[in-house]
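Here the structure is laid out as structure tokens; the discussion comes afterwards.
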Amino acid sequence: MALALFLFTASAVAAAETETQHWISALDRQLVTRRGDWTEDRFRYGAVDHLHSVAGGAALEVKFSGCAIAVRLGGQQIPAYGRASTGRLNFSVDGGTRGRLDCLDAPREVVLARGLAPGAHRLRIEHATHGQMAGCRVEGFWIWSEPRGELTFTVSGEKNGYLVDLRTVVRQRGEPIRSTLSRNWLTGRCGLAGLPPGEDYSLEVQAAGWKPSRIDAITILPGRATALGPLFLLRDESTVLHRFRFPALNRAAIRRPGESFRARFLGFDAVIDRVELTRRVGPAVISRRLPFQEDRAAAYYYDREVVAELPADLPPGVYDLSVAVTGGRRTGVCRSPRSVHVIERYPVDPVLVTFGHLDTSGQYQAEYLRRLVSISNVIAPDLVLNSNAVNPAYISGAMSGLEAPYLINFGNHQFPGHEAWYGDPVNLLDLGPDLCVLNFGHPWHADRTRAAALLASRADRGTKIIHAFEANAPLALLDRHAVSMIHDAHGTGVKVADLGSTPTRRIGKSNAASFRVVRFQQGRVKSCTYDGHPTAPYPLPREAASPLRVTFSAPNDGARRSLVATITNDYVESFPRGRLTFVMPAGRYRTTHGEIEQTIDSDDGRYSVVTVRIDIPARQQVRARVEPDRG
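Under this note's numbering, the residues of the sequence shown are numbered 1 to 631, in order.
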């Protein structure tokens with residue numbers, strides 16, 4: 001996670017050029033000559049530009065000086081977007097050394113020639129079709145003037161059909177040497193070329209939504225490939241629903257302390273031992289056992305249902321819900337991560353953060369989504385809306401750090417099976433007695449019976465919101481149910497507009513490198529644009545530091561009794577009552593700026609989680625120090 005913080009440039013290669021190593025982009029027209037039909041491409045917010053061809057005989061000729069050269073291929077297309085690259089690449093160096101690689105099977109980096117004589121050389125690499133197999137994507141070429149080694153390995157994992165690519169981090173004696181995107185999802189093969197020979201290397205693979213995996217004590221030999229054993233990634237528990245119906249991701253229970261909620265799970269005929277909430281903030285674990293009563297009339301076959309009560313002194317936060325049962329082979333724990341949101345009070349004038357169509361299909365796009373999550377945590381909205389999503393496995397991982405409830409729907413590039421994470425595409429979320437949000441993840445020509453029934457069941461709510469895939473809901477539906485706002489991320493028309501007679505404020509996605517902050521007042525949208533513009537959202541470039549960001553004077557890991565957080569706000573808009581979360585050694589604390597909203601002690605008594613609310617002025621930095629309260 002820490003390494004991801006410096007990955008704001010377009011480079012997916014992230015290896016420093018030196019006197020003995022340099023990179024040639026496939027788009028470099030001075031060193032790379034194109035023959036035949038090539039297209040410059042950077043499909044769906046991939047990490048780098050590359051050249052794409054499906055034409056037989058299309059070739060690239062590369063002028064270079066060095067003793068070795070490797071090609072770096074672009075990532076394979078996923079089914080949600082089109083056909084994968086299945087062509088072949090025939091290559092030769094100086095008309096002599098020849099070879100072939102199959103894009104269908106090859107890792108992202110492949111050494112084409114090594115042991116070349118010093119001086120200038122020319123590589124020719126030509127795309128060849130075979131039968132109906134065609135297509136190649138080339139990012140560029142690595143050149144070395146001294147012997148280097150390489151790593152080869154395969155990666156698979158739980159929910160393997162959703163595992164597209166990953167970030168590989170190579171370290172030597174703890175120091176980062178290389179950080180890059182790897183993996184051909186069709187085969188799981190990975191390759192890292194051009195590593196300096198040496199010992200004490202380690203390899204870590206990271207994918208949002210999966211637990212990282214690491215191999216230590218690796219030796220890199222010059223002029224050779226070091227083949228590692230296969231790696232298998234386990235899903236992160238924060239993304240795994242286990243034997244639970246509700247509450248769950250996309251259908252959370254949002255309650256105040258002292259209130260109750262229903263939970264339905266696969267308890268079979270076992271004894272229900274306990275119902276528990278658990279919140280994790282870094283090393284701090286905060287948990288509570290809940291009083292509960294089973295609703296025996298609601299039980300059916302595998303399913304059991306309880307009504308659980310929240311203690312009056314339960315600290316606000318996002319909690320995992322678990323139910324322990326005992327009964328032969330059914331003994332175990334039913335888990336629903338991040339499914340209970342405890343809030344101090346229900347919002348009167350809610351604040352939302354919205355975005356959509358981010359094309360979060362793999363790791364690089366998930367790293368951008370994590371940045372949006374970090375910004376949202378600072379803004380501290382009441383709800384986050386993510387529309388027209390793609391790959392639920394990566395999204396659930398990227399959003400697992402969000403400190404607010406959220407709703408998500410999937411649209412025209414969805415991975416089938418997202419319901420395993422996020423449930424029925426049509427559902428309704430209550431946020432207190434006066435606000436409800438209908439989540440509608442279908443085009444509006446689909447059956448709307450359930451949507452209409454859900455809205456009708458909340459006729460007494462003063463503020464109704466529709467979180468949609470597209471915005472062309474029938475005006476009669478919007479007017480009949482007095483819908484205040486409809487959010488979408490796919491379609492045409494003016495992105496901020498009033499619809500119907502209510503009127504309903506349409507708030508749409510303008511582009512895939514931005515977000516909106518929506519503020520309500522008396523049940524109506526008060527503001528939803530940036531800097532007073534009629535329609536513009538808040539810009540968030542994919543390849544630059546976030547305009548709203550937080551840095552800490554030291555790791556925020558509970559080891560220090562004094563810690564400074566610096567918030568940098570490059571936006572021309574201010575953010576009232578932003579939120580900072582500090583993990584400190586157990587104790588009483590004060591803050592130099594803002595106000596301490598709450599202090600929660602961990603179960604083991606070792607840590608205090610301190611939440612600070614602070615006004616963030618436009619175009620300024622603001623610092624808050626949390627330190628022991630000696631008063």
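Think of the CB as a built atom: it goes at the ideal place given N, C-alpha and C, for glycine as much as any other residue.
| query | result |
| --- | --- |
| Any chain B beta carbon closer than 8 Å to Tyr422 | The displayed structure is made up of one protein chain only, and chain B is not part of it. |
| Through-space distance from Pro537 to Ala4, alpha-carbon basis | Confidence at Ala4 is low in this model, with a pLDDT of 36, below 50, so the placement of that residue should be treated as unreliable; the coordinate-derived value is given next. Going by the C-alpha atoms only, they are around 25 Å apart. |
| Endpoints, alpha helix (DSSP H) assigned at Arg296 | Run containing Arg296: none; DSSP gives neither H nor E here. |
| Reference Arg167; option with closest CA among Ala559, Thr492, Pro212 and Gly135 | Pro212 |
| Cβ neighbour criterion (16 or more within 10 Å) applied to Tyr81 | exposed |
| Spatial neighbours of Pro381 in its chain, beta-carbon cut-off 6 Å, leaving aside the 5 residues before and after | Val351, Leu352, Val353 and Ala404 |
| Backbone CA spacing between Arg370 and Pro283 [nearest angstrom] | 20 Å |
| Beta carbon of Phe469 nearer than 8 Å to that of His445 | no |
| Local conformation of Tyr589 per DSSP, three classes | strand |
| Rounded straight-line distance, which links the Cα of Pro257 to that of Leu7 | Note that Leu7 scores 37 on pLDDT, short of 50, meaning its location in the model is unreliable and no value can be drawn from it. |
| Asn511 classed as buried or exposed, judged by whether at least 16 other C-beta atoms fall within 10 angstroms | exposed |
| Local conformation of Thr278 per DSSP, three classes | strand |
| Backbone CA spacing between Ala47 and Arg255 [nearest angstrom] | 40 Å |
| Gly332, DSSP secondary structure in three states | strand |
| Any 3 or more C-beta pairs closer than 8 Å across the stretch 415-434 and the stretch 386-397 | yes |
| Burial state of Tyr302, where buried means 16 or more other Cβ atoms lie within 10 Å | exposed |
| Three-state secondary structure assigned by DSSP to Val612 | strand |
| Near the ligand FAD: Ala459 beta-carbon under 7 Å from a heavy atom | Questions concerning the ligand FAD fall outside what the structure shown contains, since it holds no ligand whatsoever. |
| Sheet register partners of Val517 (DSSP bridge) | Val353 |
| CB of Tyr319 within 8 Å of CB of Arg279, strictly | yes |
| Which of helix, strand or coil DSSP assigns to Gly191 | strand |
| DSSP bridge partner residues for Gly508 (one or two, in chain order) | Asp488 |
| Residue from Arg623, Tyr589 and Thr535 whose Cα sits closest to the Cα of Gly578 | Arg623 |
| Alpha-carbon spacing of Pro576 relative to Ile614, whole angstroms | 7 Å |
| Residues that Ala225 bridges to, as DSSP identifies them | Glu150 |
| Glu19, buried or exposed, once every other Cβ within 10 Å from all chains shown has been counted against 16 | exposed |
| Assigned secondary structure, Arg623 (DSSP; H/G/I helix, E/B strand, else coil) | strand |
| For Trp421, the three-state DSSP class (helix, strand or coil) | helix |
| Beta-carbon proximity of Leu499 to Leu478, cut-off 8 Å | yes |
| Neighbourhood of His130 by C-beta, 7 Å cutoff - its chain only, sequence neighbours within 5 removed | Arg88 |
| Same chain, Cβ closer than 7 Å to His593, neighbours up to 5 away in sequence not counted | Ile614, Val622, Arg623 and Ala624 |
| Inter-stretch contact at 8 Å, needing at least 3 Cβ pairs: the stretch 220-228 / the stretch 191-201 | yes |
| Sequence-distant residues of the same chain with beta carbon closer than 8 Å to Ala10, five excluded per side | Its pLDDT being 39, under 50, Ala10 is placed unreliably in this model, and the value from its coordinates should be taken loosely. Excluding sequence neighbours, Ala10 sits near Ala47, Val48, Asp49 and Glu543. |
| Other residues of its chain near Gly432: CB distance less than 6 Å, five sequence neighbours each side excluded | Tyr346 |
| Burial state of Leu310, where buried means 16 or more other Cβ atoms lie within 10 Å | buried |
| Contact check, Pro247 vs Ser396, beta carbons under 8 Å | no |
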